[in-house]
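Visitor: In our numbering, the protein residues as written are 505 to 902. Where a beta carbon is used, it is the ideal one built from N, C-alpha and C, also for glycine. This is the structure I have questions about; it appears just below.
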């Protein structure tokens, strides 16, 4: 019998419901971003409403019917708008023929999909594209098509990807082979650029009264399988309502964030909650090493007892050397560059939602990493599983 997938942690479900209620995005999009089924996400929202004592609104069937009618109404409005514009355009022409129709489509394609324009106006998309090809050079056509792909990939990366990652996305996800310099040239022409990391500073402080773990890794952070080495750290970021503190646990094999916790104070409970979430989520086998710095949160009695209860071996690098926790530092540098420093945050709540969406909807699932051959953490682990036909482990249970 195949092993069942571990349940999603309650923290994950709670933040997913917050996204549904407050982000303004469609439930379907959030489910796709987070890698959960729409049915599960709807169930979590329904349960949250029950827990809050709220009365249900429309039934699922009624809501689906309403959405279907709205889609049909939107399509009809778009068709009517196209025909109205076309009538005005053709009135200025001496006669209407396929070339005239194609010229109108070329003008309006920025406002409506080409396929929709062709369908409404009764011409074939192949005829339209053949007409376009006759009017442009091969290289300029290729550059235009490639520029459109680049723009979409850049937008999908939240404006973070530069030429190297866009090059990898085109090659790995779309099968498009072209030079990195060409991508950089087209990005410059469109005014697009990636964001680049700068070094961050951790916030943990050593408590000299507490015992520490030995360094079991000696900067060898990359094991040969998942759930062998976890690295952890704690960071902070300012909002207009005060600081928000984030504790994370990162798998050294795939760079995936496997556990996290956020709060208003940098207390030991944060790092305890982060490793507890990681264990619930991953169910690691024996022999796991948890590596961190000498921060007081990681040498606290609450945390060391938690590691002991879970059967996880603690490890700590030398004092004051960021290279001894390089994987965790690297994640925080990426988070700071690609999310934290790109805007001012009005509240802890706003930042908390943004971090959750970034980590679970983008970083783990879609962000391509050079250290992983430009695969995302999830893709990297999935490829490893496929190569070895490994089933999920039945190990530690939090």
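#1: Mind checking whether residue 907 and residue 729 have CB atoms under 8 angstroms apart?
#2: Following the continuous beta strand (DSSP E) through residue 819, name the residue where it begins and the one where it ends.
#3: Would you call residue 834 buried or exposed, if buried means 16 or more other Cβ atoms sit within 10 Å of its Cβ?
#4: In this structure, does DSSP put residue 658 in helix, strand or coil?
#5: Does the segment 790-808 come within contact of the segment 766-777, defined as at least 3 CB pairs closer than 8 angstroms?
#6: Do residue 535 and residue 541 come within 8 angstroms of each other at the CB atom, strictly closer than that value?
#7: Under three-state DSSP, which class holds residue 737?
#8: Please return the same chain residues whose Cβ sits closer than 7 angstroms to the Cβ of residue 590, not counting the five positions on each side in sequence.
#9: Based on Cα-Cα distance, which residue from 762, 659, 756, 631 lies nearest to residue 876?
#10: In chain order, which continuous runs of the alpha helix (DSSP H) of length 4 or greater are located wholly inside the segment 578-650?
#11: What residue range does the alpha helix (DSSP H) around residue 802 cover?
#12: Which residues in the same chain have their Cβ closer than 6 angstroms to the Cβ of residue 767, if we skip the five residues on either side of it in sequence?
#13: Hey, quick one: how far does the beta strand (DSSP E) through residue 750 stretch, first residue to last?
#14: Is residue 792 helix, strand or coil when you go by DSSP?
#15: Find out if the Cβ-Cβ distance for the pair residue 545, residue 518 is shorter than 8 angstroms.
#16: Give the secondary structure of residue 850 by DSSP, where H, G and I count as helix, E and B as strand, and everything else as coil.
#17: For residue 691, tell me which candidate among 653, 678, 725, 700 has the shortest Cα-Cα distance.
#18: Assign residue 801 to buried or exposed, taking buried as 16 or more other Cβ atoms, counted over all protein chains shown, within 10 Å of its Cβ.
#19: Assuming residue 525 and residue 857 make a contact with CB atoms under 8 angstroms, what is their CB distance in whole Å?
#20: Is there at least one Cβ from chain B nearer than 8 angstroms to residue 728's Cβ?
#21: Could you spell out where the beta strand (DSSP E) holding residue 535 opens and where it closes?
#22: Assign residue 513 to one of three DSSP states: helix, strand, or coil.
#23: When you compare only the Cα positions, how much space is there between residue 850 and residue 791?
#24: Using the Cα positions of residue 658 and residue 812, report the straight-line distance between them to the nearest angstrom.
#25: Could you give the residue range of the beta strand (DSSP E) that holds residue 556?
#26: Give the range of the beta strand (DSSP E) segment to which residue 761 is assigned.
#27: Straight-line CA distance for residue 618 to residue 837?
#28: Looking at the unbroken alpha helix (DSSP H) that takes in residue 893, where does it start and where does it end?
#29: Quick one, which of 854, 782, 738 has its alpha-carbon nearest residue 513's?
#30: Please check the pair residue 669 and residue 872, which I expect to be a contact at CB under 8 angstroms, by giving their CB distance rounded to whole angstroms.
#31: Using three-state DSSP, classify residue 780 as helix, strand or coil.
#32: Is residue 724 helix, strand or coil when you go by DSSP?
#33: Which residues in the same chain have their Cβ closer than 6 angstroms to the Cβ of residue 765, if we skip the five residues on either side of it in sequence?
#34: Any idea what DSSP makes of residue 811, helix, strand or coil?
#35: Look up residue 871 in the DSSP assignment and say whether it is helix, strand or coil.
Guide: Reading off the structure:
#1: Nothing in the structure corresponds to residue 907, since the chain is present only between 505 and 902.
#2: In the chain shown, counting from the first residue as 1, residue 819 sits at position 315. Residue 819 -> beta strand (DSSP E) spans 817-820.
#3: Position 330 of the chain shown holds residue 834. Buried is the call here.
#4: Walking along the chain shown from the start, residue 658 turns up at place 154. It is helical.
#5: yes
#6: Residue mapping note: residue 541 aligns to position 37 of the chain shown, counting from 1. Residue mapping note: residue 535 aligns to position 31 of the chain shown, counting from 1. Cβ distance < 8 angstroms, so residue 541 and residue 535 count as in contact.
#7: The residue labelled residue 737 in the question sits at position 233 within the chain shown. Residue 737: strand per DSSP, three-state reduction.
#8: Walking along the chain shown from the start, residue 590 turns up at place 86. Result list for residue 590: 608, 625, in chain order.
#9: Residue 876 sits at position 372 when you count from the first residue of the chain shown. When only C-alpha atoms are compared, the closest one is 756.
#10: 602-612, 618-625, 629-638
#11: Taking the chain shown and counting its residues from 1, one reaches residue 802 at position 298. Residue 802 -> alpha helix (DSSP H) spans 800-803.
#12: Position 263 of the chain shown, counted from the first residue, corresponds to residue 767. 749, 774, listed in sequence order.
#13: For the purposes of this step, residue 750 is identified with residue 246 of the chain shown, where counting begins at 1. 746-755 is the extent of the beta strand (DSSP E) around residue 750.
#14: The sequence position of residue 792 within the chain shown is 288, counting from 1. Residue 792 falls in the coil class under three-state DSSP.
#15: Stepping through the chain shown from its first residue, residue 545 is reached at position 41. Stepping through the chain shown from its first residue, residue 518 is reached at position 14. Cβ atoms of residue 545 and residue 518: not closer than 8 angstroms.
#16: Within the chain shown, numbered from 1, the residue matching residue 850 stands at position 346. In this structure, residue 850 counts as coil in the three-state DSSP scheme.
#17: As a position in the chain shown, residue 691 is number 187, starting the count at 1. Of the listed residues, the one whose Cα sits closest to residue 691 is 653.
#18: If you number the chain shown from 1, residue 801 lands on position 297. So residue 801 ends up on the buried side.
#19: Position 21 of the chain shown, counting from 1, holds the residue named residue 525. Position 353 of the chain shown, counting from 1, holds the residue named residue 857. Incorrect: roughly 10 angstroms between the Cβ atoms, too far for contact.
#20: The chain inventory of the structure shown lacks chain B, comprising one protein chain alone.
#21: The sequence position of residue 535 within the chain shown is 31, counting from 1. From DSSP, residue 535 is part of no beta strand (DSSP E) but of the alpha helix (DSSP H) over 531-538.
#22: Indexing the chain shown from 1 puts residue 513 at position 9. Residue state, collapsed to three classes: coil.
#23: Working through the chain shown from its first residue, we reach residue 850 at position 346. Working through the chain shown from its first residue, we reach residue 791 at position 287. So the two alpha carbons sit approximately 43 angstroms from each other.
#24: Taking the chain shown and counting its residues from 1, one reaches residue 658 at position 154. Taking the chain shown and counting its residues from 1, one reaches residue 812 at position 308. Rounded to the nearest whole angstrom, the C-alpha separation of residue 658 and residue 812 is 44 angstroms.
#25: For the purposes of this step, residue 556 is identified with residue 52 of the chain shown, where counting begins at 1. That residue, residue 556, is in no beta strand (DSSP E); it is neither H nor E in DSSP.
#26: As a position in the chain shown, residue 761 is number 257, starting the count at 1. Run containing residue 761: 761-767, per the beta strand (DSSP E) assignment.
#27: Walking along the chain shown from the start, residue 618 turns up at place 114. Walking along the chain shown from the start, residue 837 turns up at place 333. Each residue's alpha carbon lies about 41 angstroms from the other.
#28: Working through the chain shown from its first residue, we reach residue 893 at position 389. For residue 893, there is no enclosing alpha helix (DSSP H), as DSSP marks it with neither H nor E.
#29: Start at 1 with the first residue of the chain shown, and residue 513 comes out as number 9. Measuring from the Cα of residue 513, the nearest candidate turns out to be 782.
#30: Taking the chain shown and counting its residues from 1, the one referred to as residue 669 is at position 165. Taking the chain shown and counting its residues from 1, the one referred to as residue 872 is at position 368. 5 angstroms between Cβ atoms; contact.
#31: Counting from 1 along the chain shown, the entry for residue 780 is found at position 276. Residue state, collapsed to three classes: helix.
#32: Taking the first residue of the chain shown as 1, we reach residue 724 at position 220. DSSP, reduced to helix, strand and coil, places residue 724 outside both helices and strands of the structure shown, so it counts as coil.
#33: Counting from 1 along the chain shown, the entry for residue 765 is found at position 261. So the list reads 751, 774, 777, 778, once near-sequence residues are dropped.
#34: The residue labelled residue 811 in the question sits at position 307 within the chain shown. Correct three-state label for residue 811: helix.
#35: Within the chain shown, numbered from 1, the residue matching residue 871 stands at position 367. Residue 871 sits in coil when the DSSP states are folded into three classes, being neither helix nor strand.
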